[in-house]
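Participant: The structure's right below; bear with me while I get my questions together.
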Amino acid sequence: MTQQKQATSMANARPLALPANWPRRAAFTALALYAIYASSTLDFTWERIVRGLPQGAHFLARMWPPNVEPFKLDLMWQGLLESIKIAILATAFGVLLALPLGLLAARNLMPGWVSWAARGVTGLLRSFNSLIVAILFVKAVGFGALAGILALIVGTLGFVSKLFAEAIEEVDLAQVEAVRSTGASFANVLIMGVLPQVMARFAGFTAYQLDSNLRNSTMVGIVGGGGIGSALYTAYQRFDYDFVFTILLAVIAIVMVSELVSVQIRRLFQ
Amino acid sequence: MTTVTSSEATSSGASLVIRRLCKSYVLDKPILRDIDLVFGERGITAVIGPSGAGKSTLIRCVNGLVSATSGEILFHGEDMTRLSGKRLREMRRRIGMVHQEYSLVERLSVMENLLTGRLGYVPAWRAWLRRFPPADIAQAYELLDAIGLGDFANRRADQLSGGQRQRVGIARALMQQPDLLLADEPTSSLDPKTSVEIVELMSNLASARGIPVIINIHNVDLAKRFASRIVGMSQGAIVFDGPPAALTEKHLADIYGGQSWI
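Chains V and P, in that order, give the protein sequences. Start counting the first sequence at 0; every next residue gets the next number (numbering that gives the first Met the number 0). Start counting the second sequence at 0; every next residue gets the next number (numbering that gives the first Met the number 0).
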């Protein structure tokens, strides 16, 4: 082999320092092209936004000042209390049902077919947004808080049982085995070996879910599931934008309070 | 090399008889090869050998945490290898186990960890509500005093030092009022001084209660100091079985391989 040939072959052997990633470039280009195509079909243009702005300003202007008539405040308060009840009931029942379902879905404690079946159920429960589930329940059981509660139970169950199963799958099995080696029954192994390891996280999920349910409970009312959402929807329909603003402020307040509450719940189970 | 013959296995006063025990996790890669051992009603046996020799698997087979491939493990006349379900749990609660790395339930209190030793006898609703029988709680307090942690009942396990944790581990095993105590590398994560204290504590408490102990241990000096019998394992087989005094450097070379480390 000549010296020159050797040099070229060595140069060839080294990969490029910064090679072009063609598949990624193609993906970005495709995304950009699709975005342009999609906006052209949906009238998603700057011009359209500019035309809409005065309308938005008008809407905001009509919101101020918030409506604080005693009658309206009473209406808001009723709705708010109902939303809180919906959220707490849905969280309580959802979490209670999520405990066994999450346990069944945990692959390290259950035989394969059980955990896969349970995973299928949780997946199904999570596949629809609460709003869609709420519409189904409003059709099934009629207008009112019951439909809202049931819809949020479904959402809670799907979400919390998945998180709970994952938490159980991460437990330290050495601790579980130590409990098992005392001759404890399966139930006792769960109670003293598994649950203590996941309780704190479970409380965290519950607190998070309560927070999320409070938010969602203000929304299920829009499709007839009870709570402050009903009042909000009615106010929109009647162009009572000042009252809409009052309700929005109340929702913000309740979400902030729930944040504080969930911090306390987590601390309790630390 | 001294080995126990199977004729001795039928002799009276044996609490645990292991006959031709084999275990392989993967086919044709045996971890235990034809183990024959007989343990009496008391005394400490130290099982020594390099990592991977099968010590851990051996004692896990005894309480059924690992199921044997073939052979028998007669514990007070009952073959542990044939048991499952409720009967296995009933026999298992008569065997206390002290684990490597303590294996306390970290988020439970010391008292709760001790009471875990009674879970073979306590129904689930009592465990759930923490309504353990008063006799169990009284026994737990006694044991806490015995291990020198009388004031630690309500301390959470994850707040304890390594030595304290392993004391609790010993107490948890003794809570079972076992007829046999197994210990799987109980000192592997402890400093030398604490290691001695832990083995001494285990030895004292077990002999005071007349419980035979089988202890897997890396530390040959500790084994010689506290055990009345040493079993040396290498590659899944027993290569030495006899009193500490009979254990020579030649034996150690057989067990661990090589000479330079002795």
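Where a beta carbon is used, it is the ideal one built from N, C-alpha and C, also for glycine.
Output yes or no for whether 7 Å exceeds the beta carbon distance between A67(P) and L20(P).
Facilitator: yes
Participant: Near F244(V), what residues of its chain come up, given a Cβ to Cβ distance below 6 Å and the 5 sequence neighbours on each side ignored?
Facilitator: M62 and P65
Participant: Please decide whether P277(V) counts as near chain P, where near means a Cβ-Cβ distance under 7 Å.
Facilitator: Nothing about residue 277(V) can be read from this structure; chain V reaches only from 0 to 269.
Participant: Alpha carbon to alpha carbon, how far is V109(P) from L123(V)? Give it in angstroms, no decimals.
Facilitator: 42 Å
Participant: Compute the Euclidean distance between the alpha carbons of A244(P) and Y255(P), then round it to the nearest angstrom.
Facilitator: 18 Å
Participant: Could you tell me if T80(P) is buried or exposed, where buried requires 16 or more neighbouring beta carbons within 10 angstroms of its beta carbon?
Facilitator: With 16 or more Cβ atoms within 10 Å of its Cβ, T80(P) is classed as buried.
Participant: Can you tell me the Cα-Cα spacing of L148(P) and Q165(P), whole angstroms?
Facilitator: 11 Å
Participant: Could you check whether the stretch 86 to 105 of chain V touches the stretch 150 to 167 of chain V, counting it as contact only if at least three pairs of C-beta atoms, one from each stretch, sit closer than 8 Å?
Facilitator: yes
Participant: Report back the beta-carbon spacing between I134(V) and V222(V) to the nearest angstrom; my notes put them in contact at under 8 Å.
Facilitator: 5 Å
Participant: For chain B, is any of its Cβ atoms less than 7 Å away from the one on W127(P)?
Facilitator: The displayed structure is made up of protein chains V and P, and chain B is not among them.
Participant: Show which residues of chain V have a CB atom less than 7 Å away from the CB atom of V46(P).
Facilitator: The contacting residues do not exist; V46(P) stays about 17 Å from chain V at best.
Participant: Is there a C-beta anywhere in chain P that falls below 7 Å from the one on T245(V)?
Facilitator: no
Participant: According to DSSP, is T1(P) helix, strand or coil?
Facilitator: Only weak support is given to the placement of T1(P): the predicted model assigns it a pLDDT of 43, under 50, and the value that follows is read from those uncertain coordinates. Of the three classes helix, strand and coil, the one that applies to T1(P) here is coil, per DSSP.
Participant: Just checking: is the beta-carbon of S66(P) within a distance shorter than 7 Å of some beta-carbon in chain V?
Facilitator: Contact with chain V is absent for S66(P), since none of that chain's Cβ atoms lies less than 7 Å from the residue's Cβ.
Participant: Kindly indicate the opening and closing residues of the alpha helix (DSSP H) around I148(V).
Facilitator: A144 to E168
Participant: At a CB distance below 8 Å, what residues from the stretch 187 to 208 of chain V approach chain P? Give them in sequence order.
Facilitator: N187, V188, I190, M191, G192, P195, Q196, M198 and A199
Participant: Should V178(V) be flagged as near chain P, meaning a C-beta pair shorter than 7 Å?
Facilitator: yes
Participant: Under 8 Å, with one C-beta from each stretch per pair, do the stretch 192 to 204 of chain P and the stretch 228 to 244 of chain P reach the 3-pair mark?
Facilitator: As far as the Cβ criterion goes, the stretch 192 to 204 of chain P does not touch the stretch 228 to 244 of chain P, which means the pair count is below three.
Participant: Indicate the three-state DSSP secondary structure (helix, strand or coil) for A226(P) in the structure shown.
Facilitator: coil
Participant: Residues of chain V with CB under 8 Å from V121(P), in chain order?
Facilitator: N187
Participant: From which residue to which residue does the beta strand (DSSP E) around G241(P) run?
Facilitator: First-last of the beta strand (DSSP E) with G241(P): A236 to G241.
Participant: With 7 Å as the threshold, decide whether the Cβ of M96(P) is near any Cβ in chain V.
Facilitator: It does; some Cβ of chain V falls within 7 Å.
Participant: List the residues of chain P that Q174(V) touches, going by C-beta distances under 8 Å, in chain order.
Facilitator: S102, L103, V104 and E105
Participant: Check each residue of the stretch 109 to 143 of chain V: if its Cβ is closer than 8 Å to any Cβ of chain P, include it; give the result in chain order.
Facilitator: Residues passing the 8 Å Cβ filter: none.
Participant: DSSP has R155(P) in a bridge; who is on the other side?
Facilitator: Residue pairing for R155(P): DSSP places it in a beta bridge opposite S108(P).
Participant: For chain V, find out if any of its Cβ atoms is closer than 7 Å to the Cβ of N62(P); answer yes or no.
Facilitator: yes
Participant: Checking 7 Å against the spacing of the C-beta atoms, do N215(P) and E184(P) come in under that value?
Facilitator: yes
Participant: Need the endpoints of the beta strand (DSSP E) that I213(P) sits in, please.
Facilitator: V212 to N215
Participant: Taking the C-alpha atoms as reference points, what is the distance between G162(P) and L73(P)?
Facilitator: Going by the C-alpha atoms only, they are around 33 Å apart.
Participant: Considering only DSSP beta bridges, list what E258(V) is partnered with.
Facilitator: None; E258(V) has no bridge partner.
Participant: For my contact list, A186(V) and A123(P) are in at a C-beta cut-off of 8 Å; report their separation, rounded to the angstrom.
Facilitator: 4 Å
Participant: For V167(P), which three-state DSSP category applies?
Facilitator: helix
Participant: What three-state label does DSSP hand F38(P) in the structure shown?
Facilitator: Strand.
Participant: Given that G101(V) touches chain P, what residues does it touch there, using C-beta distances under 7 Å?
Facilitator: Near G101(V) there are no residues of chain P at all, since even the closest Cβ is about 17 Å away, more than 7 Å.
Participant: Kindly list, in the order they appear in chain V, the residues whose Cβ is closer than 9 Å to that of T273(P).
Facilitator: Residue 273(P) lies beyond the range of chain P shown here (0 to 261); nothing can be said about it.
Participant: Which residues in the same chain as F142(V) place their Cβ atom closer than 7 Å to its Cβ, once the five residues preceding and following it in sequence are excluded?
Facilitator: G223
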